[in-house]
Amino acid sequence: MITPVILAGGTGSRLWPLSRELYPKQFLSVTGDMSMLQQTTARLSGIEHSAPILICNEEHRFIAAEQMRLGGFKHSGIILEPVGRNTAPAIALAALQAINVTGDEGDPLLLVLAADHIIDNEFAFIESVKKALPFALNDKLVTFGIVPNAPETGYGYIKAGKKDGNAFSVSEFVEKPDITTAKKYLESNDYYWNSGMFIFKASRYLEELAKFEPEILEMCKKAIATPSQDVEFTRVDPTIFETCPDKSIDYAIMEKTDSAMVVPMDAGWSDVGSFSALWDVSEKDKDQNVIKGDVIAVDSTNNYIFAENKLVSTLGVDNLVIIETKDAILVANKDKVQDVKSIVNKLHEADRTEQKLHREVYRPWGKYDSIDFGARDQVKRITVKPGEKLSIQKHYHRSEHWIVVSGTASVLNGDKTIIVTENESTYIPLGTIHALENPGKIPLEMIEVQTGSYLGEDDIVRFEDRYGRS
Numbered sequence: 001m002i003t004p005v006i007l008a009g010g011t012g013s014r015l016w017p018l019s020r021e022l023y024p025k026q027f028l029s030v031t032g033d034m035s036m037l038q039q040t041t042a043r044l045s046g047i048e049h050s051a052p053i054l055i056c057n058e059e060h061r062f063i064a065a066e067q068m069r070l071g072g073f074k075h076s077g078i079i080l081e082p083v084g085r086n087t088a089p090a091i092a093l094a095a096l097q098a099i100n101v102t103g104d105e106g107d108p109l110l111l112v113l114a115a116d117h118i119i120d121n122e123f124a125f126i127e128s129v130k131k132a133l134p135f136a137l138n139d140k141l142v143t144f145g146i147v148p149n150a151p152e153t154g155y156g157y158i159k160a161g162k163k164d165g166n167a168f169s170v171s172e173f174v175e176k177p178d179i180t181t182a183k184k185y186l187e188s189n190d191y192y193w194n195s196g197m198f199i200f201k202a203s204r205y206l207e208e209l210a211k212f213e214p215e216i217l218e219m220c221k222k223a224i225a226t227p228s229q230d231v232e233f234t235r236v237d238p239t240i241f242e243t244c245p246d247k248s249i250d251y252a253i254m255e256k257t258d259s260a261m262v263v264p265m266d267a268g269w270s271d272v273g274s275f276s277a278l279w280d281v282s283e284k285d286k287d288q289n290v291i292k293g294d295v296i297a298v299d300s301t302n303n304y305i306f307a308e309n310k311l312v313s314t315l316g317v318d319n320l321v322i323i324e325t326k327d328a329i330l331v332a333n334k335d336k337v338q339d340v341k342s343i344v345n346k347l348h349e350a351d352r353t354e355q356k357l358h359r360e361v362y363r364p365w366g367k368y369d370s371i372d373f374g375a376r377d378q379v380k381r382i383t384v385k386p387g388e389k390l391s392i393q394k395h396y397h398r399s400e401h402w403i404v405v406s407g408t409a410s411v412l413n414g415d416k417t418i419i420v421t422e423n424e425s426t427y428i429p430l431g432t433i434h435a436l437e438n439p440g441k442i443p444l445e446m447i448e449v450q451t452g453s454y455l456g457e458d459d460i461v462r463f464e465d466r467y468g469r470s
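If you're matching positions, the sequence shown starts at 1 in full-length UniProt numbering and goes up one per residue.
What follows is the structure in structure tokens.
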């Protein structure tokens, strides 16, 4: 039985402002209605497999869990990384977890996938996995090489060696080439794009890790030896895991092992590493524009235009990326979008929040949208899902006024609990212990007006929280 391992880490810098540090691209719906994480999980339906293991950043845990729930996908747990340590340690944690879960039932076969890849031809993807199975069962570490259709300089490459049925031995891994070298690779027919997808026995991966990177294996074993279990989340020891070497599976294992094999895959794959790549894989109109949202494009060609909140109109422009979100606008030449990260770096240097989160922020209980703010006031639209409850908390620097727009709120205000319904309100004085709950069957929509000397999200003292944040 195959155990999928879905790597859902990442910081979301290359598709800013659509993606943010706290809402990276794997959670975006860039093609179709499902997010890339949901699409990754959905394409497993053609393979006999157990419930996948997810690995993600601690700060992304509720988004990942909610997207799996909304998609109707089961999982066998979400492993939380307290810090990013690249793919080799992440896969080691998953391998150790999979072996622990299966026990005496056998050696789990891990299918390692990134949550932020686009694959158009799911049948070809499944066929490649099936071709790789015999080699993985025969103790090989198999990677999938994407059949190149262009001299791409944004991907690493794998050089194929001796042919063995549906696979090749791996001759070498090569870094991202310049355009001249990439053209030579394409002409030779000996090179494949490095997809970052793998299939192998959990035990074989750990054996090779013990041989080439014993420190990674030792730190991962210690970090997951006494995990903290929080419903569907598995937390490893943060102090130990932080000392683990930061290495990719390619550097740690695949470039060193003599058991590496590559199976070609021609499935319309893209890692969507830039807006130009997103334009490549998206449906276009007669003028070769990709249009998302409320857009009027006149005499405009070859553009990617995304409007989230406002009407975006263009006149006589070509080869641009225009992204409008509630709190940021990006206008870039499509040939320069590989450098979007430089904007994110400047935002980080200026300590601006736009690089970290959207104006609309998702929480395990629902979401809030900061619709207006001043020097001593802020207005939020808050949505609480049925049956959910915010933490019991207080603030030292602000008071709050809550107005219910629709639904029903159960409000703890000091030593009293009251019911507030549509077109009613309540006031929470500064320093008062309070909590908000939706006891109803429909979403609770309300407006929160904050006033005070400091309105940051870190002015929250939590006394009790059902999501493990107190």
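Ideal Cβ positions, reconstructed from N, Cα and C, are used throughout, including at glycine.
Since this is a predicted model, take the numbers as computed values, not measurements.
Would residue i pass as a contact of residue j if the rule is Cβ separation under 8 Å?
{"i": "Val298", "j": "Ile305", "result": "no"}
{"i": "Ala223", "j": "Asp237", "result": "yes"}
{"i": "Ser300", "j": "Asn86", "result": "no"}
{"i": "Val262", "j": "Ala167", "result": "yes"}
{"i": "Ser425", "j": "Arg376", "result": "no"}
{"i": "Gly9", "j": "Glu81", "result": "yes"}
{"i": "residue 471", "j": "Gly414", "result": "Because the chain is modelled from 1 through 470, residue 471 falls outside the range shown and cannot be assessed."}
{"i": "Asn121", "j": "Gly273", "result": "no"}
{"i": "Thr3", "j": "Pro108", "result": "yes"}
{"i": "residue 471", "j": "Thr143", "result": "Because residue 471 is not part of the residues shown, which for the chain are 1 to 470, the question remains open."}
{"i": "Lys380", "j": "Ser370", "result": "yes"}
{"i": "Gln229", "j": "Ala115", "result": "no"}
{"i": "Val147", "j": "Asp258", "result": "no"}
{"i": "Leu22", "j": "Leu278", "result": "no"}
{"i": "Leu110", "j": "Ile199", "result": "yes"}
{"i": "Ile216", "j": "Ala88", "result": "yes"}
{"i": "Thr383", "j": "Lys367", "result": "yes"}
{"i": "Val344", "j": "Phe275", "result": "no"}
{"i": "Met254", "j": "Phe135", "result": "no"}
Let me make sure I understand the geometry here. Which of the options has the alpha-carbon closest to that of residue i?
{"i": "Ala64", "options": "Ile6, Gly32, Ser45, Asp33", "result": "Ile6"}
{"i": "Asn309", "options": "Asn303, Ala328, Val404, Leu315", "result": "Ala328"}
{"i": "Lys286", "options": "Leu137, Asn303, Ala350, Val272", "result": "Asn303"}
{"i": "residue 559", "options": "Glu48, Glu66, Glu21", "result": "As shown, the chain starts at 1 and ends at 470. That puts residue 559 outside it, with no answer to give."}
{"i": "Thr451", "options": "His397, Asp415, Gly468, Asp266", "result": "His397"}
{"i": "Gly77", "options": "His348, Arg43, Gly84, Ala95", "result": "Ala95"}
{"i": "Leu412", "options": "Ile382, Asn438, Met68, Lys176", "result": "Asn438"}
{"i": "Ile291", "options": "Gly366, Val321, Pro89", "result": "Val321"}
{"i": "Ala252", "options": "Tyr205, Val142, Ala267, Pro52", "result": "Tyr205"}
{"i": "Gly456", "options": "Gly374, Tyr157, Arg235", "result": "Gly374"}
{"i": "Gly293", "options": "Arg20, Ser13, Ser29, Trp16", "result": "Ser29"}
{"i": "Asp178", "options": "Met68, Ala435, Glu152, Asn189", "result": "Glu152"}
{"i": "Glu175", "options": "Leu186, Asn194, Lys163, His75", "result": "Asn194"}
{"i": "Ile460", "options": "Thr40, Ile447, Ala260, Gly431", "result": "Gly431"}
{"i": "Leu54", "options": "Lys131, Phe233, Phe135, Ile296", "result": "Phe233"}
{"i": "Val404", "options": "Pro443, His395, Ala136", "result": "Pro443"}
{"i": "Ser399", "options": "Gly440, Ala350, Val449", "result": "Val449"}
{"i": "Gly161", "options": "Ile392, Phe463, Ala260, Ser391", "result": "Ala260"}
{"i": "Ala202", "options": "Gly440, Glu187, Lys140, Asp339", "result": "Lys140"}
Looking at the strands, I want to know which residues DSSP matches up with residue i.
{"i": "Ala409", "result": "Val420"}
{"i": "Val449", "result": "Val379, His401"}
{"i": "Gln229", "result": "Thr234"}
{"i": "Glu464", "result": "Ile392"}
{"i": "Thr432", "result": "Answer is none; Thr432 lacks a bridge partner."}
{"i": "Leu315", "result": "Val298"}
{"i": "Lys184", "result": "Beta-bridge pairing links Lys184 to no other residue."}
{"i": "Ala332", "result": "Val321"}
{"i": "Glu437", "result": "Lys389, Ser410"}
{"i": "Phe200", "result": "Leu110"}
{"i": "Ile2", "result": "His49, Leu109"}
Which term fits residue i, buried or exposed, when burial requires 16 or more other beta carbons within 10 angstroms of its beta carbon?
{"i": "Val231", "result": "exposed"}
{"i": "Asp271", "result": "buried"}
{"i": "Tyr191", "result": "buried"}
{"i": "Gln355", "result": "buried"}
{"i": "Leu70", "result": "exposed"}
{"i": "Ala225", "result": "exposed"}
{"i": "Met1", "result": "exposed"}
{"i": "Asn100", "result": "exposed"}
{"i": "Thr180", "result": "exposed"}
{"i": "Gln288", "result": "exposed"}
{"i": "Thr239", "result": "exposed"}
{"i": "Pro52", "result": "buried"}
{"i": "Arg352", "result": "exposed"}
{"i": "Leu315", "result": "exposed"}
Return no unless some Cβ of chain B is closer than 8 Å to the Cβ of residue i.
{"i": "Ile305", "result": "Absent from the structure is chain B; it holds one protein chain and no more."}
Next on the checklist: Please give me, in chain order, every unbroken run of the alpha helix (DSSP H) with length at least 4 that falls completely inside the segment 245-300.
Outcome noted: 275-281
Next on the checklist: At 3 residues or longer, what runs of the beta strand (DSSP E) sit wholly inside the segment 338-410?
Outcome noted: 360-363, 366-373, 377-384, 392-394, 398-406
Next on the checklist: In chain order, what are the residue ranges of uninterrupted beta strand (DSSP E) at least 3 long that sit wholly in the segment 99-181?
Outcome noted: 109-114, 141-146, 157-164, 167-174
Item to check | 4-residue-minimum alpha helix (DSSP H) runs that sit fully inside the segment 49-95, ordered along the chain | outcome: 61-71
Next on the checklist: Restricting to runs no shorter than 4 residues, where is the alpha helix (DSSP H) found entirely within the segment 21-47?
Outcome noted: 36-42
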